[in-house]
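Chains as they are written, first to last, in the numbering used here: chain P, 49 to 146; chain U, 49 to 146.
One structure below.
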DNA sequence: TGACTATTTTGCCAAATTGCCAAATAGATG
DNA sequence: CATCTATTTGGCAATTTGGCAAAATAGTCA
């Protein structure tokens with residue numbers, strides 16, 4: 049395999065990997081509607097706050113979300129809402145496999 | 049979080065997880081062109097044959113590929129080529145983040 | 001300054017993933 | 001049957017991930 053091709057696939061894989069967690073998908077879909085602060089996401093997710101924060105770090109490192117500070121609150125938002133268009137295809141795939 | 053919603057995200061996440069590996073993305077993209085036997089994929093990937101086989105198992109379990117036997121050869125093919133349409137969005141995201 | 005709130009970081013541990021090698025399996029062919 | 005080829009499976013070590021709890025940080029407000 050050509051090294052530049054390998055690098056391209058590795059970059060794509062790292063984004064997919066960041067998305068490949070139920071909690072992070074929930075967060076992404078929630079952010080699709082509107083930007084949200086961490087504590088609100090914790091209520092939605094139900095995990096420990098530090099756990100939610102780690103998931104957000106993963107999403108930030110992948111470039112999928114960004115934060116905006118307003119006083120004590122950090123408001124997270126999707127940077128590229130198109131990543132969720134993929135969900136339709138996945139849902140179709142799942143219906144097919146049932 | 050509602051349990052049925054949680055289940056839906058878990059299912060989506062498992063498909064994303066199956067895709068979230070450079071070698072498996074390479075395999076998927078290669079299969080987009082035509083169905084291919086395992087030994088040919090090993091030459092493309094460059095890993096041990098057993099490693100390639102395990103990657104194919106992951107893709108099969110996710111319902112992304114299926115195999116057709118012809119003599120000794122197993123020909124793998126994509127079950128849902130649409131999963132790769134997503135690559136365009138990811139590539140756009142990466143250009144944005146450079 | 002100190003107290004308070006929102007969030008992140010660190011440490012820890014169990015569980016999952018990855019990739020190689022060796023052994024096992026499935027089908028073809030003599 | 002034995003043998004050959006294509007592929008899968010099992011076992012193992014190294015690495016990564018996920019989640020909680022405690023400590024640290026960042027900003028607000030009195």
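Glycine residues also receive a C-beta, built at the ideal position from the N, C-alpha and C atoms.
From the DSSP secondary-structure annotation, give me the bridge partner or partners of residue i.
i: residue 115 (chain P); result: P:124
i: residue 84 (chain U); result: U:124
List, in order along the chain, the chain U residues whose C-beta lies closer than 7 Å to that of residue i?
i: residue 64 (chain P); result: 64, 67, 68
As a quick exercise: from the options, pick the residue whose alpha carbon is nearest that of residue i.
i: residue 99 (chain U); options: U:79, U:52, U:130, U:75; result: U:75
i: residue 147 (chain U); options: U:88, U:61, U:107; result: With chain U covering only 49 through 146, there is no way to say anything about residue 147 (chain U).
i: residue 111 (chain U); options: U:121, U:52, U:131; result: U:131
i: residue 95 (chain U); options: U:53, U:117, U:70; result: U:70
i: residue 119 (chain P); options: P:101, P:125, P:85, P:91; result: P:85
i: residue 58 (chain U); options: P:58, P:88, P:68, P:56; result: P:68
Are the CB atoms of residue j and residue i within a distance shorter than 8 Å?
i: residue 93 (chain P); j: residue 104 (chain P); result: no
i: residue 73 (chain P); j: residue 61 (chain U); result: yes
i: residue 117 (chain P); j: residue 125 (chain P); result: no
Should residue i be labelled buried (16 or more other beta-carbon atoms within 10 Å of its own) or exposed?
i: residue 97 (chain U); result: exposed
i: residue 53 (chain U); result: exposed
Against residue i, what residues of chain P qualify as contacts under a CB-to-CB distance less than 7 Å, listed in chain order?
i: residue 54 (chain U); result: 70
i: residue 138 (chain U); result: 60, 63
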